[in-house]
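Note sheet for the following structure.
Residue numbers (my numbering): 12 to 458.
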């Protein structure tokens, strides 16, 4: 699909994160050593901002934004009109009439719905669907620190990834199952400030960020040559060798300095524990939603999948399949999908009972060839699967081989795709695309 900058990947690439390329919005489903698997998402076709270009908003600035919200709320609750509240804001800050009116309107919308206004001393946790928004005016680094600790705890609870997005005024979590705002609020209130650093260190070991930083620090220390390819370094071995060394501690120090703010995060959690900062709950609010770009009218492209389907078709046609005759069990041949005949058949025995296997499934051939008496129950299951594959190719020819060459489509799923008997090629590949997306979304949850 494309190439992402290394710094962007280590900073933002995690399951659930979104980015834009080729005019579409994509969601990361899986991060591997040198490859990121993504699926298109049919969210509104808005033009997003790239947070990687933002200068981090400091804690003090974010706190002042919270204070401004509180002062606007107090003015409106005291009976001031929107214009009067906006004028008071313009007297203190160099903002124009339009900007001040927009700020006041946002707080007014919050009050009109009888919802709490998040400010410098009030954290508002909002829940809706599988998402939770934690409105907290603590700046980029502090929010990132608290958010990473929270996602680590929640990931351990669910046994799967929890996606996180942050800005200076909120932490947005996407959970594998719905949780009430009250449950997240309780978790925040019970977080021990002293446990944040060990939780983060444990969590960072599993991140691309630590590995990327480790390579750069290792270069500075002379442990790795300057021209070493990051993708060719065994990160697990590197961590195992240098964990606990000055180089490892320097890597953590750089991450804590550049990306996180442990002292501020601990201070915030201390204030939450002594109730200097109050944590309250709410439904999704105008202030919480504005971090998502909510409320804007945008238009989705009518045929957003067309370019993707074209790429999918080209990829499958250039992939290879391993043909194997299940009749004589003597013939096998690796072929490019595009060059397959409409009705593959064995050149040795003339049978059309030819399975189209993935290139790495050669072991299945050995299983099929085993004497029946020596086959285990698992061997018989695998043999049945290969015969199911061959039956599909017998019935549907090259069309079945195309479906079977797709990612994540075994005989059962491929049978459902080709069984629709789509006469329109675009719809056929659209069905394959849908199946591949489902596979990409669910693969990380498989045992």
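Every residue, glycine too, gets a C-beta built ideally from N, C-alpha and C.
With a beta-carbon spacing of about 6 angstroms, residue 290 and residue 199 fall inside the 8 angstroms limit used to define contacts. Inclusion of residue 128 and residue 136 in the CB contact set at 8 angstroms is not warranted, their separation being larger than that value. Under the three-state reduction of DSSP output, residue 181 falls in the strand class. Closest in C-alpha terms to residue 261, from the list 284, 431, 230, comes 230. A straight-line Cα-Cα distance of about 22 angstroms links residue 342 and residue 328. Per DSSP, the unbroken alpha helix (DSSP H) holding residue 213 starts and ends at 207 to 215.
When rounded, the separation of the alpha-carbon atoms in residue 448 and residue 112 is 44 angstroms. In its chain, beyond the 5 residues on either side, 380 have a beta carbon closer than 6 angstroms to the beta carbon of residue 340. Residue environment: residue 356 is assigned as buried (16 or more neighbouring CB atoms within 10 Å of its CB, all protein chains considered).
Secondary structure of residue 130 (DSSP, three-state): strand. Along the length of the stretch 134 to 178, whole alpha helix (DSSP H) runs at least 4 residues long occupy 150 to 169, reported in chain order.
In terms of Cα proximity to residue 254, the closest of 213, 282, 292, 172 is 213. Judged by pairs of C-beta atoms under 8 angstroms, the stretch 147 to 156 touches the stretch 263 to 276, as three or more such pairs exist.
For residue 292, the three-state secondary structure derived from DSSP is strand. In this chain, the alpha helix (DSSP H) harbouring residue 395 covers 388 to 407.
By a beta-carbon distance limit of 8 angstroms, residue 412 contacts residue 367. Their separation comes to about 4 angstroms. The three-state secondary structure of residue 371, taken from DSSP, is coil. Nearest in C-alpha terms to residue 284, of all of 430, 81, 332, 197, is 197.
Two segments are said to touch when three or more pairs of C-beta atoms, one from each, lie closer than 8 angstroms; by this definition the stretch 221 to 237 does not touch the stretch 182 to 194. In this structure residue 160 is not in contact with residue 87, their Cβ atoms being roughly 35 angstroms apart against a cut-off of 8 angstroms.
Residue environment: residue 175 is assigned as buried (16 or more neighbouring CB atoms within 10 Å of its CB, all protein chains considered).
Judged by DSSP in its simplified three-state form, residue 73 adopts helix.
Residue 419 sits exposed, since fewer than 16 C-beta atoms from the chains shown fall within 10 Å of its C-beta. In the structure shown, residue 412 adopts helical secondary structure according to DSSP, grouped into three states. Each of 148, 215, 233, 138 was checked against the Cα of residue 194, and the nearest Cα belongs to 138. Take residue 297, set aside five residues on each side of it, and the residues of its chain with a beta-carbon closer than 7 angstroms to its own are 117, 120, 121, in chain order. Looking at 82, 272, 146, the one whose alpha-carbon comes closest to that of residue 70 is 272.
DSSP, reduced to helix, strand and coil, places residue 345 within a strand of the structure shown. As computed with DSSP, residue 334 is found in a beta bridge with 344, 367.
If you draw a straight line from the Cα of residue 353 to the Cα of residue 408, it is about 6 angstroms long. Residue 130 sits buried, since 16 or more C-beta atoms from the chains shown fall within 10 Å of its C-beta. By DSSP's assignment, residue 51 forms a beta bridge with 37.
For secondary structure counted as the beta strand (DSSP E) over 3 or more consecutive residues, the stretch 77 to 116 holds no complete run.
Counting of Cβ neighbours within 10 angstroms places residue 125 among the exposed residues, the total staying below 16.
Taking all protein chains shown into account, residue 425 has 16 or more neighbouring C-beta atoms within 10 Å of its C-beta and is therefore buried. Contact annotation, residue 332 with residue 251: C-beta distance approximately 39 angstroms; criterion of less than 8 angstroms not satisfied.
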